[in-house]
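Undergrad:
Protein chains in written order, with the numbering used here: chain X, 2 to 172; chain L, 4 to 196.
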């Protein structure tokens, strides 16, 4: 990775946020179970994205100062639950600071030993393959061990312009 | 640099491209046109659903593009681009730029941004970048852009999900329970990421 020779004009964080809030994002919960003490850890990301089909890889980024991610990453294997529109409370519970964030959230243990949040649209079981630092975030690249869609069709939770919403198909 | 996990290390999985597409199709995405212009004044563009915010300080963004893209190798040479976050009345522009072939940019109204790259009229936001890193991961390139300029446009964002275009639908807040305080939104998803 090479640094650019052109010094970018200073863009303050308020400006960055006010422009990037025009980009809608899905909302994903990243969770794992601590292999030693058996406790669950979780966090919310708005940057979960598809990456590669062959091999099957996904990606997301996380603030390098996150205290949740190192705990989740310790397990090596983690789950991604794609949140549905009625899971705003789950999003809030996992966005809060503190221990044991999954204690008030319904989840089921997968065959991979990861917590799958009940009521989500789909679940991915993943293994960390690569992590690299980019500015104030860490980019995580993970291989997909398994992926499971929920039965039935529900609408996704979308974060956009500072608010929660969902998807309406264009007529 | 290729950072694809080595085949002997990647887990044996029965995830076919069809299953991958079906399940990742449940993830809603914005629709972003990556545009540039070469020395022959040829406008170049491609559409991605993976454009993401990445870092506030320094300001960085990223996107992933399929290795089979014919436009990205041309755009890469310029080492700068504009990410145009498309608005919900730009479906036809999205379709034009998703086509193969050299003529796909013709007739699309645009204005040159500060880097000289085309900003498509009517997009909901413009992010002008220089490429600061690119890595190969699996069947895609992952591109990191350093933001030099950014500005808001007009309209509301176009969404894509499960092969269909759509719009953001605000969730109706249920009528508040009497005596309950009007609680402000807690930590939004993006800042928690």
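Just so you know, even glycine gets a beta-carbon here, dropped at the ideal spot from N, CA and C.
So, does the CB of residue 104 of chain L fall closer than 8 angstroms to a CB anywhere in chain X?
TA: Cβ-Cβ to chain X under 8 angstroms: no for residue 104 of chain L.
Undergrad: Per the DSSP calculation, residue 78 of chain X is bridged to which residue(s)?
TA: According to DSSP, which records beta bridges pairwise, residue 78 of chain X is partnered with X:128.
Undergrad: Between which residues of its own chain and residue 117 of chain X is the CB-CB distance below 7 angstroms, once the five residues before and five after are set aside?
TA: So the list reads 80, 82, 108, 109, 111 and 124, once near-sequence residues are dropped.
Undergrad: Chain C partners of residue 6 of chain L, CB-CB under 9 angstroms?
TA: Reference to chain C is not applicable here, since the protein chains of this structure are X and L.
Undergrad: What did DSSP end up calling residue 19 of chain L once you bin it into helix, strand or coil?
TA: Looking at residue 19 of chain L - three-state DSSP - the assignment turns out to be coil, as it is neither helix nor strand.
Undergrad: Mind listing, in chain order, the continuous alpha helix (DSSP H) runs of no fewer than 4 residues lying wholly within the segment 33-101 of chain L?
TA: Here the runs fully enclosed are 74-81 and 94-101.
Undergrad: In the DSSP output, what is residue 73 of chain X paired with across the bridge?
TA: Answer by DSSP bridge pairing: none, since residue 73 of chain X is not bridged.
Undergrad: Please list, in chain order, all residues of the same chain as residue 114 of chain L whose beta carbon is under 8 angstroms from its beta carbon, the five residues on each side excluded.
TA: 121, 122 and 124, listed in sequence order.
Undergrad: Using a cut-off of 7 angstroms between C-beta atoms, extract the partners of residue 53 of chain L located in chain X.
TA: Those are 50 and 51, listed as they occur along chain X.
Undergrad: Using a Cβ-Cβ distance under 8 angstroms, would residue 166 of chain X count as near chain L?
TA: Output row for residue 166 of chain X: interface = yes.
Undergrad: Report all residues from its chain with a CB closer than 8 angstroms to the CB of residue 67 of chain L; omit the five preceding and five following residues, and keep chain order.
TA: So the qualifying residues of the chain are 51, 53, 140, 143, 144, 145 and 146.
Undergrad: So the candidates are L:154, L:170, L:43 and L:126; which of them puts its Cα closest to the Cα of residue 105 of chain L?
TA: Checking every option, the nearest Cα to that of residue 105 of chain L belongs to L:43.
Undergrad: Output, in sequence order along the chain, the residues in the segment 115-144 of chain L whose CB is closer than 7 angstroms to any CB in chain X.
TA: Correct list: 127, 128, 130, 133, 135, 136, 140, 141, 142 and 143.
Undergrad: So residue 168 of chain L contacts chain X; which residues on that side make the cut at Cβ distance below 8 angstroms?
TA: Within 8 angstroms Cβ-Cβ: 170 and 171.
Undergrad: Thinking C-alpha only, which one of L:110, L:151, L:119 and L:137 is nearest residue 130 of chain L?
TA: The candidate whose alpha carbon is nearest that of residue 130 of chain L is L:151.
Undergrad: Give the DSSP-derived three-state secondary structure of residue 14 of chain X in the structure shown.
TA: It is helical.
Undergrad: Could you check the C-alpha separation between residue 88 of chain X and residue 22 of chain X for me, to the nearest Å?
TA: The alpha-carbon atoms of residue 88 of chain X and residue 22 of chain X are separated by roughly 21 angstroms.
Undergrad: Between residue 30 of chain X and residue 95 of chain X, how many whole angstroms is the CB-CB distance? I'm expecting something under 8 angstroms.
TA: Going by Cβ atoms, the distance from residue 30 of chain X to residue 95 of chain X rounds to 5 angstroms, so yes, they are a contact pair.
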